[in-house]
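Using full-length UniProt numbering, the letters of the sequence shown correspond one by one to residues 1 to 144.
For glycine and all other residues, C-beta sits at the position ideal for the given N, C-alpha and C.
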Amino acid sequence: ERPHACGDCGRRFCQRAHLARHRLAHTGERLFPCGECGKAFALSATLLRHQLVHTGERPHCCPDCPRAYTQSSYLAQHRRSAHAGQRPHACPECPRVFADRANLLRHCQAHVGTRPYACGQCGRRFAQRAHLRAHAGTHGGHRP
Numbered sequence: 001e002r003p004h005a006c007g008d009c010g011r012r013f014c015q016r017a018h019l020a021r022h023r024l025a026h027t028g029e030r031l032f033p034c035g036e037c038g039k040a041f042a043l044s045a046t047l048l049r050h051q052l053v054h055t056g057e058r059p060h061c062c063p064d065c066p067r068a069y070t071q072s073s074y075l076a077q078h079r080r081s082a083h084a085g086q087r088p089h090a091c092p093e094c095p096r097v098f099a100d101r102a103n104l105l106r107h108c109q110a111h112v113g114t115r116p117y118a119c120g121q122c123g124r125r126f127a128q129r130a131h132l133r134a135h136a137g138t139h140g141g142h143r144p
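1) Measuring alpha carbon to alpha carbon, tell me which residue in G7, A68, D64 is nearest L52.
2) Would you call A102 buried or exposed, if buried means 16 or more other Cβ atoms sit within 10 Å of its Cβ?
3) Cα separation between F126 and T138?
4) With DSSP run on the structure shown, which of helix, strand or coil describes C119?
5) Since R106 and Q128 should fall inside the 8 Å C-beta cutoff, what is the C-beta to C-beta distance between them, to a whole number of angstroms?
6) Based on Cα-Cα distance, which residue from Q77, P63, D100, G28 lies nearest to residue 146?
7) To test your reading of the DSSP string, which unbroken alpha helix (DSSP H) runs of 4 or more residues are found completely within the UniProt domain "C2H2-type" (60-88)?
8) Using three-state DSSP, classify A45 as helix, strand or coil.
9) Could you compute how far the alpha carbon of G38 sits from the alpha carbon of Y74?
10) Between which residues of its own chain and F41 is the CB-CB distance below 6 Å, once the five residues before and five after are set aside?
11) According to DSSP, is R23 helix, strand or coil?
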């Protein structure tokens with residue numbers, strides 16, 4: 001049972017604390033700034049996870065290979081796709097399969113022609129931010 005409903009979007013939660021955390025998405029309140037870069041976060045736990053970017057720490061190590069990750073969910077995704085062969089998200093347009101839904105959705109942009117990322121130097125457009133960043137090297141290393 002999910003008795004706690006969000007007044008803005010109707011999403012329901014089992015616990016009042018989970019609703020309170022969700023409400024931060026609507027208010028935009030970000031009380032936890034990073035001391036290194038100034039980026040602010042709604043939750044202290046999210047700030048702590050972000051700070052690993054600055055320290056380079058990757059505490060979640062794969063027991064099957066040398067890969068390590070900043071988040072346990074990234075490690076779990078890696079283990080499913082690289083070591084267990086679990087790729088349950090299939091593209092409806094081509095034979096590609098993916099370990100997680102986010103990668104499938106990103107891939108599907110190529111089929112529909114969505115290219116939201118534009119190069120500030122030459123105007124060329126890309127479906128994925130990573131492709132734009134790779135392209136930026138063709139302009140003398142300038143990153144967008």
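This is what the structure holds:
1) The shortest C-alpha to C-alpha distance from L52 to any of G7, A68, D64 is the one to A68.
2) exposed
3) Approximately 14 Å, taken between the alpha carbons.
4) coil
5) 6 Å
6) No statement about residue 146 is possible, as the shown extent of the chain runs from 1 to 144 and does not include it.
7) Annotation note: the UniProt domain "C2H2-type" (60-88) contains the following uninterrupted alpha helix (DSSP H) runs of length 4 or greater, listed N- to C-terminal: 72-78.
8) helix
9) Between the C-alpha atoms of G38 and Y74 there is a straight-line separation of about 24 Å.
10) Correct list, in chain order: R30, F32, L47.
11) helix
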